Structure formats: structure tokens, C-alpha cells
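A short write-up of the structure that comes next.
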Amino acid sequence: MQKCSQCGGKLRRVHRTFLERFGYMAIYACKGCEHEEFVPRRYRFHLGPHARCPSCGTFRIVKLKSPDRIDPMYVGVLNLVERLAGGRLFHCRYCRCQFYDRRRTAAEETAVPAEPPDGGQEITTPPDTANSDA
Ligand SMILES: [Zn+2]
Ligand SMILES: [Zn+2]
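Number 446 in our numbering belongs to position 33 of the sequence shown; there are no gaps in the numbering.
What follows is the structure in C-alpha cells.
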């Protein structure tokens, strides 16, 4: 984060307001075109209902059954917390990193069928009624 993404000019760090301190690691402003660059705090990726990559924040992650031998594990305190809390192993193909997350992915959320409207009564068929001796 050294150059302006708009004009390539030099960036200077600007003071954040009290509220902005919570949301952004830093805010830069371009000396050339007044364009502002916001650097979001990484922990934001750990908030919210769905699992996402702690590095780039994408929701397009895949669940791993076992650790990948090639791609590195994402290093971070929150990743360790997620792991100790029983998080599942995920992989981000954009960052090529592995990480843990306790939350469901956005894809899993949409794949789950809606709750039954009658309060969850399930119609279970005993296995032996399916047998026919005739
Ligand atoms: Zn600029
Ligand atoms: Zn990523």
C-alpha cells in the first residue's frame, strides 16, 4: 500500500477518527488526486455469519478433509482461536492458504433446506415396514 490505485501517486497516511480506528488499520490519501485508500482490519473477516478467508475475505472457500501438504497454513492468533474452538479446515484458492473457521460457508447456508413449517415433525419410516415378504 504505497501507491495510489487511481493515479499511482504517493500516498500519505491520514488520521482516523475514533470510529474509523475500529474499522481500519490505516487510511491513506493520495497527494495527487485526493483518492483515499482504506486498509480494513483483518479481524473483520472473523465477524459475520459466514466463514471466509482471513487473508482476502472471500466467501468462495472450500472445506478440506485433511490438511493440504503444499499450501501453507494461515498464521494468526484468530486462526489459532478458531482451531482450538473446533473450527473446520478450509482452503482459499486465491491466497493458496489454509485456515480454520467455525462458521458455515455461504454456500452451505444456501444449500441447507428451510426449516419445516410445522415445527420440525419428521416423518420417519421404520426400516422393517419397507420389507415385503409377499
Ligand atoms: Zn491518486
Ligand atoms: Zn484468500
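We treat Cβ as the ideally placed atom computed from N, Cα and C, and that holds for glycine.
Please read these numbers as outputs of a predicted model, since none were measured by experiment.
Where residue i sits in the DSSP three-state scheme
{"i": "Glu-495", "result": "helix"}
{"i": "His-448", "result": "coil"}
{"i": "Phe-435", "result": "helix"}
{"i": "Tyr-513", "result": "strand"}
{"i": "Arg-425", "result": "strand"}
Alpha carbon of residue i to alpha carbon of residue j, nearest angstrom
{"i": "Arg-482", "j": "Lys-476", "result": "15 Å"}
{"i": "Cys-466", "j": "His-459", "result": "9 Å"}
{"i": "Phe-379", "j": "Arg-455", "result": "The question about residue 379 has no answer here: the residues shown for the chain are numbered 414 through 547."}
{"i": "Glu-495", "j": "Val-488", "result": "12 Å"}
{"i": "Asp-484", "j": "Arg-457", "result": "23 Å"}
Residue i CB to nearest heavy atom of ligand 1 below 7 Å
{"i": "Gly-445", "result": "yes"}
{"i": "Cys-420", "result": "yes"}
Own chain residues within Cβ distance below 8 Å of residue i, not counting five before or after
{"i": "Gly-499", "result": "Arg-515"}
Residues near residue i in its chain [Cβ-Cβ closer than 7 Å; skip 5 each side]
{"i": "Pro-480", "result": "Leu-502 and Gln-511"}
{"i": "Cys-508", "result": "Cys-466, Ser-468 and Cys-469"}
Proximity test, residue i beta-carbon vs ligand 2 heavy atom, cut-off 7 Å
{"i": "Ser-479", "result": "no"}
{"i": "Thr-471", "result": "yes"}
Within 8 Å, do at least three Cβ pairs link the region 439-452 to the region 414-430?
Cβ pair count under 8 Å is three or more, so yes.
How about the region 428-442 and the region 450-462: do they share at least three Cβ pairs that are nearer than 8 Å?
As far as the Cβ criterion goes, the region 428-442 touches the region 450-462, which means the pair count is three or higher.
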